[in-house]
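Numbering (mature numbering (1 follows the signal peptide of the UniProt record, and there is no 0)), first residue to last: -37 to -1, 1 to 566.
Even glycine gets a Cβ: it sits at the ideal position worked out from N, Cα and C.
Predicted model only: the values in this text are computed from it and were never measured.
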């Protein structure tokens, strides 16, 4: 099997977005008057990928996985809670319960996802087929949070399928037809697992699968890095999945089920599992198993990758436990999400131009007004690609306001200060342009750093002529809620940039440079709106020699937001992020080009 990350994108954007017109309905909090047509910008060219997967192919993968008898992430050390999908008996009736749990509906857990994997190894011999099933949770329209042991070492693009929107597992008839029971099947586009995942210890067992197209399922959020209350011993948590319903049968449930489990302390978990339980990386839950199905409430094989939920947020991902799930005194073990949200969230918010895990850069030539994209290679940028003439604008920013996995552009028209959002529409294969702000000529800074307010929906920030910073909370569809004032004094900074999480806590931050002295400050995001949106600034650098800055996200692909700075000679330096909220926020810079003096707009 090939490793992860081979395929980058189903489509590639070759030229800039079209600015065809103005949408009729816009957010009242932003747009206060009607406006004319947007600046006429070049039409886009969308290049189909060399390979994809049809609905029939995806259903074939599901059917093959349904008939499979393999387990994801098998290890001799522990029992990962992956499962085969083949019934161990001739009885077609499967008890729709977790061990000790109850049946539930997709309405109560609309974010639940089924991950199906089938590889026939390219042979007609069914003996070498690989087919298994895992659970997961939709955390954004194109993002599934699951377990690393369900992902690492498997090629989900070529052999996987994800089903959402149904509480029932798929079934197949004698003719080979697949019934999704109202669900939707989607192609996995790319995959990420924690780089330190260990298949021996099942440590760092967290992963994100990116879908080729957004799904309609309502997402659920991960908990925050600072959450301790959810892990207090005795806290009531719910686990969801389609896993085994008995210790004496390999059958998994045909219907989604849930069970309520009390969180256990690290001391209790380590008391049973010893060194196999890694404090800070894992959490266990449930009452001690009784030794049999009776008296036991537990996650089990087939629940792998599914969520453990407290107060509407994911606090754990089903990871491992004892074989057959009911050994006396045992507990279910989960990856502790508060410890991994800093690593996982950049993969949730990793949209970029080329569609891989590395943030790309958009620039405009000052004299010709030609826009260019430069694809990140991890430590440098590839040759620029022309996006045509971008005259008539003075701000261009890369973002993904509708969270559909395709990078959008937000730009401001020079003539009247109107701000437009151009975005790709996958259903029609075209681009749409919507005006989102009227007469923002006097706005000294506009920033789209991602999710500032903690709801996983990208937000918009601006600084007005009086120096007040405003947050426009995104609705996840290119519209915004009522703006919220953060504070004053922001015009003391001649640069305000942000795109992602610089501190490794899963919250979007800002980087500002003072007009006097060239001091660089980190404004650490708190995940809330209003005056408390950012913590007290931290001075991290003195950059008096730089005259251009850019923050496009994770350029290196390591899950940490990076920064770009240009000196007066035109050399652009990449400052790799470290994830530290201190003066060590950036690693040693690397030159990524000496010809950047020609550009007047950085995206």
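Here residue 295 is buried, its C-beta having at least 16 other C-beta atoms within 10 Å. Within a 10 Å sphere around the beta-carbon of residue 158 sit fewer than 16 other beta-carbons, which makes this residue exposed. Rounded to the nearest angstrom, the Cβ distance from residue 535 to residue 518 is 11 Å, too far for a contact under 8 Å. Per the coordinates, the alpha-carbon of residue 323 lies some 20 Å from the alpha-carbon of residue 388. The three-state reading of DSSP puts residue 140 in coil, since its state is none of H, G, I, E or B.
Annotation for residue 300: the continuous alpha helix (DSSP H) segment containing it runs 300 to 311. Taking the C-beta atoms as reference points, residue 191 is found no nearer than 7 Å to residue 22. C-alpha of residue 410 to C-alpha of residue 114: approximately 34 Å in a straight line. Counting C-beta pairs with one atom in each stretch, the region 172 to 185 and the region 98 to 106 have three or more that are closer than 8 Å, which means they touch.
Beta-bridge analysis with DSSP links residue 155 to 171. DSSP, reduced to helix, strand and coil, places residue 510 within a strand of the structure shown. Among the bridge pairs identified by DSSP, residue 398 is matched with 383. In the displayed model, residue 81 falls within a strand according to three-state DSSP. Residue 448 carries a strand assignment under DSSP once its states are collapsed to helix, strand and coil. Secondary-structure assignment with DSSP links residue 349 through a beta bridge to 335. Beyond the five residues adjoining it in sequence on each side, residue 549 comes within less than 7 Å, by CB distance, of 526, 538, 539, 540 and 541 in the same chain, given in chain order.
Judged by DSSP secondary structure, residue 122 falls within the alpha helix (DSSP H) whose first and last residues are 119 to 122.
Within its own chain, the residues whose Cβ lies closer than 8 Å to the Cβ of residue 320, once the five positions on either side in sequence are excluded, are -33, 153, 155, 310, 313, 517 and 520, listed in chain order.
Within its own chain, the residues whose Cβ lies closer than 6 Å to the Cβ of residue 363, once the five positions on either side in sequence are excluded, are 314, 370 and 371, listed in chain order. Taken through DSSP and simplified to helix, strand or coil, residue 199 comes out as strand.
Per the coordinates, the alpha-carbon of residue 456 lies some 13 Å from the alpha-carbon of residue 511. Its chain contains 93 and 122 as the residues whose beta carbon lies nearer than 6 Å to that of residue 82, once the 5 sequence neighbours on both sides are disregarded; these appear in chain order.
At the C-beta level, residue 336 and residue 348 come within 7 Å of one another.
The shortest C-alpha to C-alpha distance from residue 405 to any of 89, 376 and 522 is the one to 376. Counting only unbroken stretches of 3 or more residues, the beta strand (DSSP E) elements lying wholly within the region 417 to 473 are 422 to 426, 432 to 435, 447 to 450 and 456 to 460, in sequence order. By the C-beta density criterion, residue 217 is buried, having at least 16 other C-beta atoms within 10 angstroms. For residue 371, the enclosing beta strand (DSSP E) covers residues 371 to 376.
For residue 403 and residue 378, the gap between their C-alpha atoms comes out near 10 Å.
Taking C-alpha positions only, residue 160 is separated from residue 356 by approximately 45 Å. For residue 565, the beta-bridge partners assigned by DSSP are 326. Contact annotation: the region 434 to 453 touches the region 407 to 421, with at least three C-beta pairs closer than 8 Å.
Under DSSP, residue 547 takes part in no beta bridge, so it has no partner. Within 10 angstroms of the beta-carbon of residue 188 lie 16 or more other beta-carbons, which makes it buried.
Spanning the alpha carbons of residue 66 and residue 204 requires a straight line of approximately 10 Å. Spatial neighbours of residue 145 in its own chain (CB-CB distance under 7 Å, excluding positions within 5 residues in sequence) are listed in chain order as 128 and 129.
Under the three-state reduction of DSSP output, residue 559 falls in the helix class.
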